[in-house]
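Asker:
Residue numbers (full-length UniProt numbering): 1 to 662.
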């Protein structure tokens with residue numbers, strides 16, 4: 001389940017409607033459409049989804065699904081409280097509707113059981129997006145592919161079962177579309193309902209599943225990279241996902257399957273033979289749980305093997321097929337329910353080893369927990385990920401890592417590369433790092449926003465004249481290029497498509513036909529960088545980077561938990577550049593010692609998000625008040641004077657907008 005946050009500002013609904021009409025008419029949707037939305041529309045067209053579908057298709061509904069049984073009490077409590085035409089829908093992991101309540105889900109009958117809401121059936125929608133990303137998702141009106149849902153706004157929150165690492169379903173709240181495209185009014189309801197359902201799922205979990213989850217959480221609390229497996233599902237921590245390859249995770253799953261299976265055939269025989277890759281029925285070698293109880297009778301233990309606690313045996317390395325060579329485990333403290341662990345090397349990196357411990361309950365093996373040993377983590381850290389080797393870049397969140405990895409893959413060849421993203425997300429920093437990675441000469445940097453005449457044509461002419469190549473060009477703000485610059489680049493790209501060019505583009509500004517053509521050419525090799533609000537888990541690392549070099553005579557800044565929480569709640573319209581500015585401002589203004597407190601942040605950051613849905617006029621007024629307070633150093637008397645209102649009126653408005661406690 002995700003935390004509640006403000007919906008990022010996006011294109012106006014009217015522009016999205018025009019873009020959708022252009023797309024459905026066979027034309028490009030335009031520059032103002034987010035790339036992920038354009039890709040979702042393309043997928044729907046690829047799947048052959050008809051835009052004029054009158055109702056979602058039906059598939060065979062599951063019989064007595066456990067998810068519905070667990071969710072029904074919470075859904076029955078929430079549905080009667082919905083107002084304003086809002087409705088509530090529950091879907092399973094295959095995006096099949098299981099239940100609905102409250103207002104009618106647009107375009108459906110009262111009986112939604114079995115409706116197929118997957119992207120392949122109905123195109124872009126919030127339930128499918130939440131299941132795909134594992135995060136809360138909102139889809140408004142024209143963002144939907146179907147004509148059926150053009151006046152519907154939906155928010156979906158994924159549901160995670162206690163012992164599963166993937167969503168088991170999603171809770172969706174639908175409402176009539178609001179033209180101002182604010183945060184969905186049912187977002188908090190969807191979050192609360194999902195939390196209640198997950199709590200019920202946890203309470204209904206079988207004792208072995210609870211034990212597996214508890215063991216996973218306990219190991220994670222120590223900061224370890226951990227994987228918990230029971231042969232049918234697995235929980236993988238983010239640290240383990242970064243360190244271990246898919247092949248290694250599959251091997252671990254096979255080993256856990258063998259442990260659980262072999263426990264049914266006798267503890268003595270199970271631990272004396274080969275691992276999952278070489279023992280048991282054919283299903284065990286492929287990672288599929290076997291339907292029978294195991295091999296044809298127990299295997300005898302080798303005479304030289306020594307028994308550990310509770311008859312646990314450790315196989316010798318010779319009995320194990322490469323590359324998983326098990327060494328005799330070292331003595332170390334383990335929870336009571338764990339048997340003696342096994343430690344083995346994996347091919348993911350030099351010195352990388354994994355320690356797997358059997359998890360027992362009632363004398364039976366119910367699963368295993370695998371952890372990356374500290375020495376292995378250090379060995380892996382010595383190699384480090386490619387994005388960590390890029391100078392000047394900070395962040396380990398999944399959106400940022402995916403963007404950087406994609407950019408690095410494209411940058412391996414000396415061809416044009418386009419970096420797309422909002423202002424301040426770090427496009428220029430990534431561009432410089434990529435050019436450094438290429439090992440080319442120092443780039444010529446041109447900022448189109450500064451309108452330096454002739455810079456781009458001169459570079460194009462020099463590159464065209466020297467067939468051996470020349471310095472690469474780092475072109476900032478490609479959306480601000482002059483007509484002569486666009487013409488020079490287009491002419492060069494026609495003659496030499498593989499030119500050393502890295503350009504940055506901030507969508508939003510209107511583009512003419514020539515610039516649109518240039519951007520279309522460059523977009524074939526483009527990467528979209530995530531805004532800071534989508535990678536808030538990187539804020540602590542960014543704070544450390546920005547405060548690492550304090551002014552002489554001043555201690556480095558540290559941040560209280562409350563201040564960090566306030567920073568993570570902010571929407572960051574200026575992204576990383578705005579965060580850097582805030583850090584500099586705090587460092588210059590503060591005179592106190594110790595961690596930075598929430599009260600020391602600029603007023604706009606101390607104020608939590610609005611507690612209710614605001615109209616367009618109210619949002620504008622709230623923004624004006626925040627800006628006035630920022631300009632006048634939080635002095636309310638001066639802020640009120642600059643706004644032309646009395647101080648009592650300002651205090652009343654602060655209370656009305658929930659800003660009086662900041």
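C-beta: ideal position from N, C-alpha, C; glycine also.
1. Report the rounded CA-to-CA distance for residue 173 versus residue 564, giving the unit in angstroms.
2. So residue 485 is in the alpha helix (DSSP H); what residue range does that whole segment cover?
3. Are at least three pairs of beta-carbons, each pair with one atom in the segment 202-217 and one in the segment 356-374, less than 8 Å apart?
4. Which word fits residue 504, buried or exposed, when buried means at least 16 other C-beta atoms lie within 10 angstroms of its C-beta?
5. Taking 8 Å as the threshold, find out whether the segment 401-408 comes into contact with the segment 556-573 through three or more Cβ pairs.
6. Is the separation between the beta-carbon of residue 583 and that of residue 532 shorter than 8 Å?
7. Exposed or buried, residue 635, counting other C-beta atoms within 10 Å across all chains shown (16 or more means buried)?
8. I'd like the list of long-range same chain contacts for residue 44, defined as Cβ closer than 7 Å, with 5 residues on each side in sequence excluded.
9. Tell me whether residue 136 sits in a helix, a strand or coil according to DSSP, three-state version.
10. Following the continuous beta strand (DSSP E) through residue 539, name the residue where it begins and the one where it ends.
11. Which whole-angstrom value describes the C-beta separation of residue 519 and residue 478, a residue pair presumed to lie in contact below a C-beta threshold of 8 Å?
12. Within 10 Å of its beta-carbon, does residue 617 have 16 or more other beta-carbons around it, so buried, or fewer, so exposed?
13. Check this for me: beta carbons of residue 151 and residue 117, under 8 Å apart or not?
14. With the cut-off set at 8 Å, would you say residue 156 and residue 141 are in Cβ contact?
15. What is the residue span of the beta strand (DSSP E) that residue 603 lies within?
16. CB-CB under 8 Å to residue 589, same chain, minus the five flanking residues each way: which ones, in chain order?
17. Where residue 14 and residue 457 are concerned, what is the direct C-alpha to C-alpha distance, given to the nearest angstrom?
18. For residue 46, does the three-state DSSP call read helix, strand or coil?
19. Can you check which of these residues, 71, 421 and 90, is closest to residue 199 by C-alpha distance?
20. Could you tell me which residues DSSP puts in a beta bridge with residue 504?
21. Quick check: the Cα distance between residue 421 and residue 528, rounded to an integer number of angstroms?
22. Looking at residue 58: is its Cβ nearer than 8 Å to the Cβ of residue 114?
23. Rounded to whole angstroms, what is the Cα-Cα separation between residue 496 and residue 475?
24. What's the gap between the Cα of residue 353 and the Cα of residue 192?
25. What would DSSP say about residue 344, mapped onto helix, strand or coil?
26. What are the complete beta strand (DSSP E) segments, minimum 3 residues, inside the segment 193-238?
27. Write down the C-beta distance between residue 602 and residue 621 rounded to the nearest angstrom, noting that I regard them as a contact closer than 8 Å.
28. What three-state label does DSSP hand residue 649 in the structure shown?
29. Whose C-beta lies closer than 6 Å to the C-beta of residue 370 among residues of the same chain, with five residues either side of it excluded?
30. Excluding five sequence neighbours on each side, which residues of the same chain lie with their C-beta closer than 6 Å to the C-beta of residue 629?
Answerer: Taking the coordinates as given:
1. 30 Å
2. 483-495
3. yes
4. buried
5. no
6. no
7. exposed
8. 119, 123, 124 and 145
9. coil
10. No beta strand (DSSP E) contains residue 539, which is instead part of the alpha helix (DSSP H) from 539-546.
11. 7 Å
12. exposed
13. no
14. no
15. Where residue 603 is concerned, there is no enclosing beta strand (DSSP E), although the alpha helix (DSSP H) it sits in stretches over 603-606.
16. 600
17. 38 Å
18. helix
19. 71
20. 419
21. 6 Å
22. yes
23. 17 Å
24. 40 Å
25. strand
26. 226-229 and 234-236
27. Contact doesn't hold; Cβ gap of about 19 Å is too wide.
28. helix
29. 227, 252, 354 and 356
30. 603 and 639
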